[in-house]
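Residues in the sequence shown are numbered consecutively from 1, following this note's numbering. Note that the Cβ used here is the ideal one computed from N, Cα and C, for glycine as well.
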Amino acid sequence: MTASRPAAQTGTSARPKLAFRPLPVPQVDVRGFWGDRVDAVAAKTAGILYDRCVEARMLEQIDPDVPSPGVVIPFHVSDGFTARTVTTQMFWDSDWGKTIETAAYSLYRRRNPDLEKKIDTVIGMYEKLQQEDGYLSSWYQRIQPGLRWTNLRDCHELYCAGHLIEGAVAYYQATGKRKLLDIMSRYADHIADTFGPEPGKRKGYCGHEEIELALVRLARATGNDKYMKLAKYFIDQRGQQPHYFDEEALARGADPKDFHFKTYEYNQSHKPVREQDKVVGHAVRAMYLYSGMADIATEYGDDTLKLALERLWDDLTTKSLYVTGGLGPSADNEGFTNDYDLPNETAYAETCASVGLVFWASRMLGMGPNARYADMMERALYNGSISGLSLDGSLFFYENPLESRGGHHRWKWHRCPCCPPNIGRMVASIGSYFYGLAEDALAVHLYGDSTARFEIAGRQVTLVQTSSYPWDGAIAIEIGPEAPVEFTLHLRIPAWCRKAALRVNGKLVDLEAATVDGYAAIRREWRQGDKVELDLEMSMARLFANPQVRQDIGRVALARGPLIYCVEETDNGGGLHRIALPREARLEAHKEPNLLGGVVTLSAIGNRADAENWGADLYRPEPPATRESKLKAVPYFAWDNRDPGEMLVWLREG
């Protein structure tokens, strides 16, 4: 890369004093557990994403110098869609946006002139494609010209713009190159001229939320408050009456009632956002909406949005969330069904949805350190999201079930390839989730080997974490300000930790007195070489589901620290459903540096029902005989990286 990397800009003037913002990726270096995963994305995933986009013919669609490829992926003509309304090809700009974002952070991690040249070429195509008024959509310019802004409900125009904006901000921050940032700023200007509360503007918003998050990032990167106000408008306008999606359907001569699932709950526009109290509809859309709401609540100090978000958070986490941090049980609507409906084998639990939960939780932390959000961010990060990417960074899960009979495996690509670049960009930018910076405070949300560089109270500070987390709970932090500086350091004490100890320069801190909302707050004048030691007991735990979750009654899941575990056939033989774990069985942890890239496994002595000696009878009046059987569990995120076979998270207890 030839250009220097820009410093982070603070952006808008609306931000409340106590708001916390994530540190930009270039200001955090990660090593250890997450460093290995970022390296896999930089070495393999980023290039794979580009290559497979090309194989899918996505490059042809954005290149104005070649003939249009036409419709490559047929329109949906069933599943409740109006004929010739929706095709996943409409979303290709979003796949390019996420691919560019993944590449950007990967280029920051390691030089790759070939990949950088390819991305620069893609950006050049978008520059040529952009219309004079700033509009930019490869679908509506190259495949269906003349129909722009006619179907926001179904056709993802603003969603695609959002992902391209996020890719532009990332590429600028990581490489210093601003061509795509300028392109997307012009497009954002066009969108701001088209939508808004002013007379003559459209009163719309996207059927698939995402533009809201992107505009916040653009406002922060450029300092242009217009983009923040537009993000707020899209949040405020959603679900208002008269309903925009009804009006636009009538304008194009369509029946407003003829659409997917026949309910606006599907895209969370059934009510104004401040009136919503139940998580409904398409899971990814919901997570993106709530993420945008949290950003706006943070930037404007909006307690009405915060209250709605807290209601929605409680609903999700007490009724509709998998133990892995996965969400959205149904393949039918790619989303939510009924309370406590959490099937394991048929769980949809889309990778993008768990990534979206990470986005939402991290943005809730913008309103201040609170372990209820950071703990869930960690749960989704270490379990439900990175399970979507193979350890070598080459294969992907779309669905993340908690039980498999042996037929569920990662795939090379997908006709709707939203998940590969989504997990890629999240992993590549993981450093931005570790820390939150306010005017006079720094919050440490995640633990692990890393170095953070930030400015506080006019002083440059370096913070170095040393830890083998998540395998070990010993965390050493060294503070290195250029000159003595006073600020508050917030350290998360995870809810899963039964015993913790905190020392500053060797002196024990009273954790009970120092901890608020799950974070220990240390305020002092920090000097070069100050050391903080945090010891978190890596507790092993049996987890039980609410009895209203019928699929998990009488079953137990295993956890150690932030990790959820599963048993695989390759370690335990087939017929995993026949294994039972007695309540009194002793759990043991084992470091296995040569297994799955180096993990800690769990073992216990359980019982296995004897099928071999049952005979031909389908039913008998006597229960099957059981035999003692040693079971071995591995972290859920690492399953399906060895020999194919069965997998099970929830074990029978008995």
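Remark: C-beta atoms of Ala174 and Pro26 approach each other more closely than 8 Å. Between the stretch 433-451 and the stretch 499-515 there are fewer than three inter-stretch CB-CB distances shorter than 8 Å, so the stretches are not counted as touching.
Pairing Asp303 with Arg238, the inter-Cα distance amounts to about 18 Å. By the Cβ neighbour-count rule, Val30 is buried, with 16 or more other Cβ atoms within 10 Å of its own. Straight through space, the alpha carbons of Leu312 and Gln276 are spaced by roughly 7 Å. A distance below 8 Å separates the beta carbons of Lys203 and Tyr244. Within the DSSP secondary-structure output, Ala476 pairs in a beta bridge with Thr466, Glu533. The C-beta distance from Val358 to Tyr469 rounds to 17 Å, too long to fall under 8 Å, and the pair is not in contact.
Taking 8 Å as the cut-off, the beta carbon of Val556 is found no closer than this to the beta carbon of Thr601. Excluding its 5 nearest sequence neighbours in each direction, Leu402 has C-beta neighbours in its own chain below 6 Å: Asn344, Ala347, Val649, listed in chain order.
Under the DSSP definition of a beta bridge, Trp411 partners with Phe396. One alpha carbon belongs to Leu215, the other to Gly645, and they sit about 44 Å apart. About 28 Å separates the beta carbon of Leu49 from that of Pro329, a gap too long to meet the 8 Å contact definition. For Asp315, the CB contacts under 7 Å within the same chain, skipping 5 residues up- and downstream, are Asp277, Lys278, Val279 in chain order. For Leu587, same chain residues with a beta-carbon under 6 Å away, outside a window of 5 residues either side, are Met540, Leu602, Ala604 in chain order.
Beta-bridge partners of Ser450 (DSSP): Val30, Gln465.
Below 8 Å, enough C-beta pairs join the stretch 289-304 and the stretch 226-242 to call them touching: three or more. The alpha-carbon separation between Gln460 and Glu482 amounts to approximately 6 Å.
Within the DSSP secondary-structure output, Val599 pairs in a beta bridge with Glu592. Residue environment for Tyr565: buried (at least 16 other C-beta atoms within 10 angstroms of its C-beta).
Annotated as distal: Phe75 and Cys160, with beta-carbon spacing of 8 Å or more.
His156 and Tyr288 have their C-alpha atoms roughly 13 Å apart. In this chain, the alpha helix (DSSP H) harbouring Ala251 covers 244-251. In this structure, the CA atom of Trp139 is about 39 Å from the CA atom of Val323. Per DSSP, reduced to three states, the secondary structure at Met228 is helical. Counting C-beta pairs closer than 8 Å gives fewer than three between the stretch 143-152 and the stretch 109-122, which falls short of the contact rule. By the Cβ test, the stretch 436-448 is not in contact with the stretch 60-69, since fewer than three Cβ pairs between them sit closer than 8 Å.
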